[in-house]
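Notes follow once the structure below has been shown.
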Amino acid sequence: MDGDRQPIFNAPWPAVLLTVVILTVYGVQSFLPAEQILPRWAFSAQALEQGRYVTLFSALFLSGGWGHALANGVGALAFGTPLARLFGGKFAGASAFFLFCLVCGALSNLGFALVHPGSVGLLVGASGSVSALMAAALSSLWLFYLNQGQILFLVVILTILIYIRHAANLKRLNAGTEPKIGAKKG
Numbered sequence: 001m002d003g004d005r006q007p008i009f010n011a012p013w014p015a016v017l018l019t020v021v022i023l024t025v026y027g028v029q030s031f032l033p034a035e036q037i038l039p040r041w042a043f044s045a046q047a048l049e050q051g052r053y054v055t056l057f058s059a060l061f062l063s064g065g066w067g068h069a070l071a072n073g074v075g076a077l078a079f080g081t082p083l084a085r086l087f088g089g090k091f092a093g094a095s096a097f098f099l100f101c102l103v104c105g106a107l108s109n110l111g112f113a114l115v116h117p118g119s120v121g122l123l124v125g126a127s128g129s130v131s132a133l134m135a136a137a138l139s140s141l142w143l144f145y146l147n148q149g150q151i152l153f154l155v156v157i158l159t160i161l162i163y164i165r166h167a168a169n170l171k172r173l174n175a176g177t178e179p180k181i182g183a184k185k186g
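Here UniProt numbering is used: the first residue of the sequence shown is 1, the next is one more, and so on.
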């Protein structure tokens with residue numbers, strides 16, 4: 001009977017590695033002074049205007065707290081698993097998976113810069129990448145149940161609702177006064 005047992009944890013290694021990296025980097029970050037890490041490695045529209053393009057990617061590996069890191073880690077594991085399986089576990093598939101995460105995360109940071117040009121508000125986290133993993137994992141369901149017009153309507157409505165729900169957060173980020181980013185309890 002023991003031979004029939006399935007493992008409790010069965011995620012492909014690229015999804016596991018992404019989760020481990022998110023949590024490990026925040027573990028290290030939590031021991032370092034935020035004033036040394038965030039201005040140099042977090043993303044902002046101002047950093048982009050100054051030509052510090054590395055922040056498009058470096059910010060993806062930082063987090064605003066353990067809750068933020070854990071949420072992104074769990075999301076990366078849950079929604080990265082189907083995509084990592086689709087790409088495969090060999091070098092080419094894993095490379096495509098990680099490239100997808102990096103590109104989508106960087107594009108989400110660019111989206112912030114387009115909406116808030118000149119902003120000094122610092123952006124950290126893999127939420128853009130995790131959101132892309134979620135969309136990719138759920139896209140087959142959307143395509144199965146909805147036609148193109150319904151999908152477009154849903155995307156527009158959800159975008160508007162998300163913006164309305166987070167308008168105050170976006171204003172604080174734009175002003176550089178969002179209290180949760182970089183705040184250390186001590």
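We put the CB at the ideal spot given by N, CA and C, even for glycine.
Inset, instruction - Report yes or no: do three or more beta-carbon pairs, one from the region 100-117 and one from the region 52-65, lie closer than 8 Å? - result: Segments in contact, yes.
Inset, instruction - Figure out for me which residue from Pro14, Ala132, Phe144 and Gly176 has the closest Cα to the Cα of Lys90. - result: Among Pro14, Ala132, Phe144 and Gly176, the Cα nearest to that of Lys90 is on Pro14.
Legend entry - Of the residues His116, Gly128, Leu133 and Ser129, the one placed nearest Glu49, counting alpha carbons only: It is His116 whose Cα lies nearest to the Cα of Glu49.
Inset, instruction - Please confirm whether Gly105 and Ser131 have their CB atoms less than 7 Å apart. - result: No, these two residues do not count as a Cβ contact at 7 Å.
Inset, instruction - Per DSSP, which residues does Phe43 bridge with? Please list them. - result: According to DSSP, Phe43 bridges with Leu123.
Inset, instruction - Could you say if the region 145-154 and the region 89-103 meet the contact criterion of at least three C-beta pairs nearer than 8 Å? - result: Segment contact: the region 145-154 against the region 89-103, fewer than three CB-CB distances shorter than 8 Å; contact not assigned.
Inset, instruction - Tell me whether Pro7 is buried or exposed, calling it buried when 16 or more other Cβ atoms sit within 10 Å of its Cβ. - result: So Pro7 ends up on the exposed side.
Inset, instruction - Can you grab the Cα-Cα spacing for the pair Ala158 / Phe9, in whole Å? - result: Rather than Ala, the amino acid found at residue 158 in this sequence is Leu. Straight-line Cα distance between these residues: approximately 32 Å.
Legend entry - Closest Cα partner of residue 193 within the set Gln46, Ala78 and Pro39: Since the first residue of the chain shown is 1 and the last is 186, residue 193 is not available in this structure.
Legend entry - C-alpha gap between Leu17 and Ile164, whole angstroms: Linking Leu17 to Ile164 through their CA atoms gives a straight-line distance of about 34 Å.
Inset, instruction - Determine the contact status of Leu138 and Ala42, defining contact as a CB-CB distance below 7 Å. - result: By the CB criterion at 7 Å, Leu138 and Ala42 fall outside the cutoff.
Legend entry - Minimum length 3: unbroken beta strand (DSSP E) runs contained in the UniProt domain "Peptidase S54 rhomboid" (51-165): Here no run is fully enclosed.
Legend entry - Residue range of the unbroken alpha helix (DSSP H) whose run includes Asn169: Asn169: member of the alpha helix (DSSP H) spanning Ala167 to Ala175, first to last residue.
Legend entry - Residue from Leu173, Phe31 and Ile22 with nearest C-alpha to Gly75: Distance from the Cα of Gly75 is smallest, within the candidate group Leu173, Phe31 and Ile22, for Ile22.
Legend entry - DSSP three-state assignment for Gln29, whether helix, strand or coil: Helix.
Inset, instruction - Please name the residue, chosen from Leu86, Gly64, Phe98 and Asn174, that lies closest to Glu35 on a Cα-to-Cα basis. - result: Of the residues Leu86, Gly64, Phe98 and Asn174, the one whose Cα lies closest to the Cα of Glu35 is Gly64.
Legend entry - Ala168, buried or exposed, once every other Cβ within 10 Å from all chains shown has been counted against 16: For Ala168, the number of other beta carbons within 10 angstroms of its own is below 16, and it is reported as exposed.
Legend entry - Backbone CA spacing between Asp4 and Ser140 [nearest angstrom]: Cα-Cα distance, rounded: 30 Å.
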